[in-house]
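Q: Numbered per the numbering used here, the sequence shown finishes at 831, counting up by one with no gaps. Before we start, here is the structure in question, set down as structure tokens.
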Amino acid sequence: MKIALGADHGGFELKEQIRRLLDSLGHEVIDAGCYSTESVDYPEFASKVCGLIVDGEVERGILVCGTGIGMSMAANRVQGIRAALCHEIFTATMSREHNDSNVLCMGGRVIGLSLAQEMVKAWIDTPFAGGRHSRRISMFDPGHKG
Ligand code: RB5
686 MKIALGADHG
696 GFELKEQIRR
706 LLDSLGHEVI
716 DAGCYSTESV
726 DYPEFASKVC
736 GLIVDGEVER
746 GILVCGTGIG
756 MSMAANRVQG
766 IRAALCHEIF
776 TATMSREHND
786 SNVLCMGGRV
796 IGLSLAQEMV
806 KAWIDTPFAG
816 GRHSRRISMF
826 DPGHKG
């Protein structure tokens, strides 16, 4: 799968680890930055990753900031983006099955590496269930193709 990654300084370290995980799993990764722990503004990276999704360059994106909150707020302002802020495996999985999330947001200062890795794997592997969930998504995202 083609996946874009983005982070601010609060999510940089976890984003680096996630890139290594995705590489090892054979996914094609576009790393939209940031590229160090120097302080930056998270909306810039949310915008880059979401732009790649709506332009069809990648299928999905993963955004990491300190809490994941700012990234999820910024990402969900973009038409066609369904960003899910998750801290554990159940919601990461359900965000795919019921909400067809195309962006996973996580807090680099909230969750540890092994949990994040398991969440990412579950999120990538879980298909959208469709059916009644498609109807519900089309009520707020008319362009959704489910
Ligand atoms: C940066 O200090 C922090 O505010 C940011 O990483 C994020 O947590 C915002 O939601």
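Using N, Cα and C, we set each Cβ at its ideal position, and we do this for glycine too. This structure is a prediction, so every number in the text was calculated from the model and none was measured.
Can you tell me which of the three DSSP states M804 falls into?
A: In the structure shown, M804 sits in a helix (DSSP, three-state: H, G or I).
Q: Can you tell me whether M756 is helix, strand or coil according to DSSP?
A: Note: M756 maps to helix in three-state DSSP.
Q: Tell me, to the nearest whole angstrom, how far the beta carbon of G765 is from that of V739; I am working on the premise that it is less than 8 Å.
A: 5 Å between Cβ atoms; contact.
Q: Taking A731 as the reference, which of E803, R762, V743, L706 has the closest Cα?
A: Among E803, R762, V743, L706, the Cα nearest to that of A731 belongs to R762.
Q: Which residues does DSSP pair with K687 in a beta bridge?
A: According to DSSP, K687 bridges with E713.
Q: Reducing DSSP to helix, strand and coil, say where W814 ends up.
A: Looking at the sequence shown, residue 814 is not Trp but Ala. Here A814 sits in coil by DSSP.
Q: Can you tell me whether DSSP reads M824 as helix, strand or coil?
A: Looking at M824 - three-state DSSP - the assignment turns out to be coil, as it is neither helix nor strand.
Q: Out of I774, M756, A801, point me to the one whose CA is closest to R704's CA.
A: When only C-alpha atoms are compared, the closest one is A801.
Q: Less than 8 Å between the CB atoms is what I'm expecting for G797 and G695, so what's the real figure, rounded?
A: Wrong, their Cβ atoms sit about 15 Å apart, outside the cutoff.
Q: For M756, count the other beta carbons within 10 Å of its own beta carbon; 16 or more makes it buried, fewer makes it exposed. Which is it?
A: Its Cβ being crowded by 16 or more others within 10 Å, M756 is buried.
Q: Between which two residues does the beta strand (DSSP E) holding C790 run?
A: Its beta strand (DSSP E) spans residues 788-792.
Q: Roughly how many angstroms lie between the CA atoms of E713 and R821, to the nearest whole one?
A: Between E713 and R821, the C-alpha separation is close to 31 Å.
Q: Scan the region 712-746 and note each continuous beta strand (DSSP E) run of 3 residues or more that stays entirely inside, going in chain order.
A: Counting only runs of 3 or more, we get 713-716.
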